[in-house]
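77 is the number that the UniProt record's numbering gives to position 77 of the sequence shown; each next residue is one higher, with no gaps.
Every residue gets a Cβ at the ideal spot worked out from N, C-alpha and C, and that includes glycine.
Here's the structure we're looking at; comments come further down.
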Amino acid sequence: MKAVGGLNLNFLQFGVAILAIIASQHLSHSLRLFDRHKVLRVQPQTEDHVSSLRELLQSWNGALDVWKQSSIPGEEVHVHLGPDAIEDFKSDLTKRSLKFETMIEDTQALIDNEGMCCSEGDEDNFDSCYHTVNEIHDELFRLRKEYPDLVKLVNVGKSYEKQDMLGIEIKQNTPDASERGLVFILCGIHAREWISPATCMYILRQLLESKESDEGVANMVNSFNWFFLPVFNVDGYRFTQEVDRLWRKNRRPILLTGSGKAVGVDLNRNFATENWGLNDCVSKANCETYPGDKPFSEIETQTVAAYLKSRASELVSFFDIHSYSQLWMAPWGNKNGTPAEYNLMRRVMKAGTEAIRSTSGKAFKFGPTYQTIYPAYGITIDYVYDTLGVTHSYTIELRPSDKDDNGFILPACQIIDSGKEIMAAFKAITPIMAENPKRKVKRDRKLRSQ
Ligand SMILES: [Zn+2]
Numbered sequence: 001m002k003a004v005g006g007l008n009l010n011f012l013q014f015g016v017a018i019l020a021i022i023a024s025q026h027l028s029h030s031l032r033l034f035d036r037h038k039v040l041r042v043q044p045q046t047e048d049h050v051s052s053l054r055e056l057l058q059s060w061n062g063a064l065d066v067w068k069q070s071s072i073p074g075e076e077v078h079v080h081l082g083p084d085a086i087e088d089f090k091s092d093l094t095k096r097s098l099k100f101e102t103m104i105e106d107t108q109a110l111i112d113n114e115g116m117c118c119s120e121g122d123e124d125n126f127d128s129c130y131h132t133v134n135e136i137h138d139e140l141f142r143l144r145k146e147y148p149d150l151v152k153l154v155n156v157g158k159s160y161e162k163q164d165m166l167g168i169e170i171k172q173n174t175p176d177a178s179e180r181g182l183v184f185i186l187c188g189i190h191a192r193e194w195i196s197p198a199t200c201m202y203i204l205r206q207l208l209e210s211k212e213s214d215e216g217v218a219n220m221v222n223s224f225n226w227f228f229l230p231v232f233n234v235d236g237y238r239f240t241q242e243v244d245r246l247w248r249k250n251r252r253p254i255l256l257t258g259s260g261k262a263v264g265v266d267l268n269r270n271f272a273t274e275n276w277g278l279n280d281c282v283s284k285a286n287c288e289t290y291p292g293d294k295p296f297s298e299i300e301t302q303t304v305a306a307y308l309k310s311r312a313s314e315l316v317s318f319f320d321i322h323s324y325s326q327l328w329m330a331p332w333g334n335k336n337g338t339p340a341e342y343n344l345m346r347r348v349m350k351a352g353t354e355a356i357r358s359t360s361g362k363a364f365k366f367g368p369t370y371q372t373i374y375p376a377y378g379i380t381i382d383y384v385y386d387t388l389g390v391t392h393s394y395t396i397e398l399r400p401s402d403k404d405d406n407g408f409i410l411p412a413c414q415i416i417d418s419g420k421e422i423m424a425a426f427k428a429i430t431p432i433m434a435e436n437p438k439r440k441v442k443r444d445r446k447l448r449s450q
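Below, the structure is given as structure tokens:
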């Protein structure tokens, strides 16, 4: 009896201590809470609906947060709103005959349950938790120690807030490895898309841990060298964990003419591409997709572009991993049309998405960015395709689908499933990418600015 009583007291003390820690964290970091925030699904059915919704969203600039954009009739648009704005926004939708329904009733409730599968302190449990930048970097250092012949760490550069942008290269210690092409996988360019760094970490750990036991993994490591930048937007990612779970951009303060202040540039709109700046947000620094005041205005994009350029002769393939919507997209975002090598790219996207479907049953759509979701100017894959001449240049939007009810707040319980389905895709596409690994595309036109 005494032992049981003691145990109960310990539970009580433990509970009080946890509450005190949670309360102190909220106070010390001014953690932003999203109580009674909602996400609405809007369903524009016609071209007129699409342009009416676009106009409406522009008129609400700064007062709402678009989680999923689309310019295709029949495709959903997801809009996140605070409690003060919901009724007015719904009334605006109704006035424009735009159909909608509630996708998330209480954003904070989702955030509170996000880490449910994660038990801290369990070292074998890395893929059941979302991690801080420091924890991810510590894991990279651990992997280098465990696999010294295969792993090289590369500090690509420093962010605006002087955090390291740490990359990891997996390359066999054999003479022929230097002749192999390089696959570059970039994660976490948008801070709130936590499943992206988590999935990258799953894949790179599998490459190291399963290469002896899994033929498909062995083929990946024998065919290419693999470079991962697990957290591109390190400042934004840290901010999502300490202050605002739904932050997207980097953390550079923007000086506005006149009054007011803004923070952050959308790094995946800041790469130098054709048609850069043809963006609804081009002169609105408070906008979620603010592209900056010129291409490569940000230290993070300059740094990564310089690194990519330094490896351009080896680059066979480039992936920019995002969430959400379950999509696999090719260039271009900056214009309508399909690249000359699209048949080959289509084979890759088809094989990749079929492998995902046969692994988990999840359906991923694929196609050129502009036609599949919306025009997007200044994105990484267009830069890598057009300027660096890399044929296999893709964006993958991970789980969940737009029909699911999680958006960016995917429970950590799904990290392993996301990792497995994307790993299956990489195994399936490796032989196709290896058919002509040095394939480069000659460009006959100079870009406006680089
Ligand atoms: Zn994204």
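Query: Per-residue burial, residue 295 [other beta carbons within 10 Å of its own, 16 or more giving buried]; Result: buried
Query: CB-CB length for residue 196 against residue 323, believed under 8 Å; Result: 6 Å
Query: Residue 385 versus residue 353 - alpha carbon distance; Result: 21 Å
Query: Residue 181 beta carbon less than 9 Å from that of residue 230; Result: no
Query: For residue 420 and residue 326, the rounded distance between their alpha carbons; Result: 14 Å
Query: Simplified DSSP assignment, three categories, for residue 363; Result: coil
Query: Residues surrounding ligand 1 [beta-carbon distance to nearest heavy atom under 7 Å]; Result: 189, 190, 193, 268, 322 and 323
Query: Beta-carbon separation (whole angstroms), residue 241 vs residue 372, contact threshold 8 Å; Result: Incorrect: roughly 31 Å between the Cβ atoms, too far for contact.
Query: Residue 156 to residue 99 span [Cα, whole Å]; Result: 46 Å
Query: Ligand 2 heavy atom lying under 8 Å from the CB of residue 159; Result: This structure lacks ligand 2; its bound ligands are ligand 1.
Query: Beta-carbon proximity of residue 39 to residue 67, cut-off 9 Å; Result: yes
Query: When 205, 190 and 299 are compared against residue 245, the one with the closest alpha-carbon; Result: 190
Query: Cα-Cα separation between residue 418 and residue 398, rounded to whole angstroms; Result: 7 Å
Query: Supposed close pair residue 41, residue 76 - CB separation, criterion 8 Å; Result: 5 Å
Query: Touch test, the stretch 47-56 against the stretch 91-98, Cβ-Cβ under 8 Å, three pairs minimum; Result: yes
Query: Residues near residue 108 in its chain [Cβ-Cβ closer than 6 Å; skip 5 each side]; Result: 33, 34 and 35
Query: For residue 393, three-class secondary structure by DSSP; Result: strand
Query: Sub-9 Å separation of residue 300 and residue 235 beta-carbons; Result: yes
Query: Counted within 10 angstroms of its Cβ, other Cβ atoms place residue 25 as buried (16 or more) or exposed; Result: Note that residue 25 scores 42 on pLDDT, short of 50, meaning its location in the model is unreliable and no value can be drawn from it.
Query: Inter-stretch contact at 8 Å, needing at least 3 Cβ pairs: the stretch 379-396 / the stretch 273-282; Result: yes
Query: Assigned exposure category for residue 436 - 16 Cβ within 10 Å defines buried; Result: exposed
Query: Own chain residues within Cβ distance below 7 Å of residue 357, not counting five before or after; Result: 363
Query: Closest residue to residue 293 among 233, 392, 135 and 256 (Cα-Cα distance); Result: 256
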